[in-house]
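Chains as they are written, first to last, in the working numbering: chain A, 1 to 222; chain B, 1001 to 1349.
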Amino acid sequence: MLVLLFILFAGLAIGCAIAVVAQRNPLYCAISLIGVFISLACLYVMLAAPFIAAVQVVVYAGAIMVLVVFVIMLLNVEQEERRRSRLGFLVPVAVVLAAILIAEATFIIWFVDRSPVRPLSSVSDTGLTSSIGSALFTKYLLPFEITSILLLMAIVGAMTLARRIKEIPPGAAVVPGAQVLPLHMFDPTIALDDTRAVEAHGSDEVAEVMGVPDDHDPTKRD
Amino acid sequence: MDWATILDIGLKFVAITIAFTVVLLIVAYTVLAERRVLAFIQGRLGPNRVGYGGMLQPFADLLKFILKEDIVPDKSTRFIYFLAPVIATMAALMTMIVYPFGPETYIPLIGTIPLSIARFDVALLYVLGVTSVGVYGIMLAGWSSNNKYSLMGGLRSSAQMISYELALGLSLIGVILLAGTLDLQKIVETQSAWHGFRWFIFLHPLGFIVYLIAAIAETNRVPFDLPEAETELVAGFHTEYSAMKFALFFLAEYINMFTVSMLATTLFLGGWNVPFAEDLFGRGTFLFGLVGVIGFLLKVIFFLFLYIWLRGTLPRFRFDQLMNFGWKFLLPVALFSIFLTATLMMFFM
């Protein structure tokens, strides 16, 4: 029974992984990657590690891939063109890396077969949430804290990089229905990359701040 | 395989069938209740022609959905267009297996069985994970329809769900702290003290409010129904869907409402705990189980009514209000509630 399930999910994972590489449409690739993550989660459940499985689904399938799909949708990425000619020099590198990977896998399988330590039986509590939690907060506290600080730094860094572009001064809060006009539209001495802005509501006010004579009188039209 | 295993598997199948039938029936009648209650709030009658007081309306609607023509947009991405409603409905239904509908109960002729389909260590995380996979249904529907309104709806919903999932997850941490486990059945059992009245809503009230708001946003309901804001987006992500595929999205939305209400009941309102039921009937008896199941369903129905009530009362948010509210208000409040609960636990438990 377990072997059948293993073959099912391992096959699914490998099939989806091949699809990630082989598909042309970026969105299909992303969906295949989600398939890989979910099949891996099923494999973790079978290895008596339910917590890792749940986190795999929550973090990878539920959060990271949502962002990836979001970006693909937002940018409307076209189907990938054939770029084999441009990236051709990478083929030998890939072959070497694949050879190393296969050698590694073979070594591990060989090593595990001969090592005296047998794998844990399926009835064990190492994969349970409470044992992972107590291990993280006692034995592995320092690595855990260091990882948290690293993640915090990454978040702060992402925020700084993302917010650097737009710089709207406190006086020009964006109100729905208002138009935010860059200051260099009014004053030629202000540099183009100056992002300070003024705000105006409606076309009359825009005409006023831009100094255009407001002569739209409905009676004078045609 | 011996007879005990086969009996066990058979029982599981029966349990799944009963649970899904009951839940789908309640969901179908939620739709009817929503239309009738909304009509009452707005001073109309609502559908009352099919059957007594409109009781057969859900079946008439279902028949209509089946018989309608199924239109597929010409320029849609066909495979994903078909996949999206499947993902949405499947993810919505999959969470149902972990909820404890009642306590361990003695059933005549069968013996003592737990009144839930599956029970495992990380049930709460499983619910969160499967719910977050459900976002793909909406996102992919919006993208594959090749329609600007659908795409806008899909984008909005994914942004909204990512934002409110954080507050939702954080509001649950207080409960996990109090119960010390992620197993839903155990969480309900820890609320059995005080004559079945040690509900976590009393111990972690701030978390409950945050959860309620975030859950409404997660299910895309009024006042957070921006993904399908009909005044600006026609019908949002399911604009191009018709017939049974539309019905699947509709079903997914209402099942999500139901599961979110079940989670609220399980975590904050004591699940199947009915005050003083244990003193009256004794733990494990058939009557105790029956009262527990009825109590659980009544609490869930209260939440469903709350949803309908809100829909009849509140106007829709604007998108920037939604984002500001989620990130700048709800998230800090959720963090504060964790801090508060943890501190109080340190001093009083």
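The beta carbon of each residue, even a glycine, is placed where N, CA and C say it ideally should be.
Exercise. Beta carbon of Ser1116(B), beta carbon of Leu1206(B): below 9 angstroms?
Worked result: Walking along the second sequence from the start, residue 1116(B) turns up at place 116. Walking along the second sequence from the start, residue 1206(B) turns up at place 206. No.
Exercise. If we count the other Cβ atoms within 10 Å of its Cβ and call it buried at 16 or more, is Gly1289(B) buried or exposed?
Worked result: Sequence index remark: in the second sequence, residue 1289(B) carries index 289 (1-based). Under this definition Gly1289(B) is a buried residue.
Exercise. If you pair each beta-carbon of the region 1125 to 1134 of chain B with each one of the region 1094 to 1101 of chain B, do three or more pairs fall below 8 angstroms?
Worked result: yes
Exercise. Does the beta-carbon distance from Phe1208(B) to Ile1216(B) come in below 9 angstroms?
Worked result: Residue 1208(B) sits at position 208 when you count from the first residue of the second sequence. Residue 1216(B) sits at position 216 when you count from the first residue of the second sequence. In this structure, Ile1216(B) does not lie closer than 9 angstroms to Phe1208(B) by Cβ.
For this session: May I have the straight-line CA-CA distance separating Thr1077(B) from Asn1220(B), to the nearest angstrom?
Result: Along the second sequence, one-based indexing puts residue 1077(B) at 77. Along the second sequence, one-based indexing puts residue 1220(B) at 220. Near 24 angstroms, if we compare the C-alpha coordinates of Asn1220(B) and Thr1077(B).
Problem set entry | Met1055(B) classed as buried or exposed, judged by whether at least 16 other C-beta atoms fall within 10 angstroms | Walking along the second sequence from the start, residue 1055(B) turns up at place 55. When all chains shown are included, Met1055(B) counts as exposed.
Exercise. So what's Pro1058(B) in DSSP terms, helix, strand or just coil?
Worked result: As a position in the second sequence, residue 1058(B) is number 58, starting the count at 1. Here Pro1058(B) sits in helix by DSSP.
For this session: With distances taken Cα to Cα, identify the nearest neighbour of Leu1233(B) among Gln1160(B), Ile1255(B), Met1152(B).
Result: As a working mapping, residue 1233(B) is identified with position 233 in the second sequence. Comparing Cα positions, the closest option is Met1152(B).
Problem set entry | Range of the contiguous beta strand (DSSP E) that encloses Gly1111(B) | Numbered from its first residue, the second sequence carries residue 1111(B) at position 111. From DSSP, the beta strand (DSSP E) with Gly1111(B) extends over 1111 to 1115.
For this session: Measure the CB-CB distance between Ser1144(B) and Ile1080(B) and report whether it falls below 9 angstroms.
Result: Position 144 of the second sequence, counting from 1, holds the residue named residue 1144(B). Position 80 of the second sequence, counting from 1, holds the residue named residue 1080(B). Yes, Cβ-Cβ distance for Ser1144(B) and Ile1080(B) is below 9 angstroms.
Exercise. With DSSP run on the structure shown, which of helix, strand or coil describes Thr1259(B)?
Worked result: In the second sequence, counting from the first residue as 1, residue 1259(B) sits at position 259. For Thr1259(B), the secondary structure class from DSSP, reduced to helix, strand or coil, is helix.
Exercise. Residues of chain A with a CB under 8 angstroms from the CB of Leu1155(B): which are they?
Worked result: Against the second sequence, residue 1155(B) aligns to sequence position 155. Counting only Cβ-Cβ distances below 8 angstroms, Leu1155(B) has contacts in chain A at Phe70, Met73, Leu74, in chain order.
For this session: Pull up the CB-CB distance for Leu1267(B) and Phe1200(B), whole angstroms please, since I reckon it's below 8 angstroms.
Result: Here residue 1267(B) refers to the residue found at position 267 of the second sequence. Here residue 1200(B) refers to the residue found at position 200 of the second sequence. Confirmed, about 6 angstroms.
For this session: Measure the Cβ-Cβ separation of Glu1034(B) and Ile1308(B) and say whether it is below 9 angstroms.
Result: Along the second sequence, read from residue 1 onward, the residue named residue 1034(B) stands at position 34. Along the second sequence, read from residue 1 onward, the residue named residue 1308(B) stands at position 308. In this structure, Ile1308(B) lies closer than 9 angstroms to Glu1034(B) by Cβ.
Exercise. Going by DSSP, what residues sit across from Tyr1106(B) in a beta bridge?
Worked result: If you number the second sequence from 1, residue 1106(B) lands on position 106. Answer is Thr1112(B).
Exercise. Counting along the chain, where does the alpha helix (DSSP H) carrying Asn1324(B) start and finish?
Worked result: As a working note, residue 1324(B) is residue 324 in the second sequence. Taken as a continuous stretch (DSSP letters only), the alpha helix (DSSP H) holding Asn1324(B) covers 1319 to 1324.
Exercise. Trp1003(B) CB to nearest chain A CB: under 9 angstroms?
Worked result: As a position in the second sequence, residue 1003(B) is number 3, starting the count at 1. With 9 angstroms as the cut-off, Trp1003(B) does not count as an interface residue toward chain A.
Exercise. Which of the residues in the region 1159 to 1172 of chain B, read from start to end, lie with their CB under 9 angstroms from any CB of chain A?
Worked result: So the list reads Ala1159, Met1161, Ile1162, Glu1165, Gly1169, given in the order they occur along the chain.
Problem set entry | Limits of the unbroken alpha helix (DSSP H) element including Ala1092(B) | Sequence index remark: in the second sequence, residue 1092(B) carries index 92 (1-based). Element bounds for Ala1092(B): 1078 to 1094.
For this session: Determine whether the Cβ of Phe1302(B) lies closer than 9 angstroms to any Cβ atom of chain A.
Result: Here residue 1302(B) corresponds to residue number 302 of the second sequence, with the count starting at 1. So no, Phe1302(B) is outside the interface.
For this session: Check Leu1011(B) in the structure and name its three-state DSSP category.
Result: Taking the first residue of the second sequence as 1, we reach residue 1011(B) at position 11. Reduced to three states, the DSSP call for Leu1011(B) is helix.
Exercise. Would you say Thr129(A) reaches chain B, if we count a Cβ-Cβ gap shorter than 9 angstroms as a contact?
Worked result: In the first sequence, counting from the first residue as 1, residue 129(A) sits at position 129. Thr129(A) counts as touching chain B.
Exercise. With 9 angstroms set as the bound, which would you pick, yes or no: does the beta-carbon of Val1086(B) sit closer than that to a beta-carbon of chain A?
Worked result: Here the question's residue 1086(B) lines up with position 86 in the second sequence. No, Val1086(B) lies away from the interface with chain A (no Cβ there is under 9 angstroms from its Cβ).
Problem set entry | Inter-residue Cα distance where the pair is Glu1240(B) and Asn1273(B) | In the second sequence, residue 1240(B) corresponds to position 240, counting from 1. In the second sequence, residue 1273(B) corresponds to position 273, counting from 1. Glu1240(B) and Asn1273(B): Cα-Cα distance of roughly 44 angstroms.
Exercise. Cβ of Ser1132(B) less than 9 angstroms from any chain A Cβ?
Worked result: Mapped onto the second sequence, residue 1132(B) falls at position 132. It does: the Cβ of Ser1132(B) has a partner Cβ on chain A nearer than 9 angstroms.
For this session: List the DSSP bridge partners of Leu1182(B).
Result: Residue numbering aside, residue 1182(B) sits at position 182 when the second sequence is read from its first letter. According to DSSP, which records beta bridges pairwise, Leu1182(B) is partnered with nothing at all.
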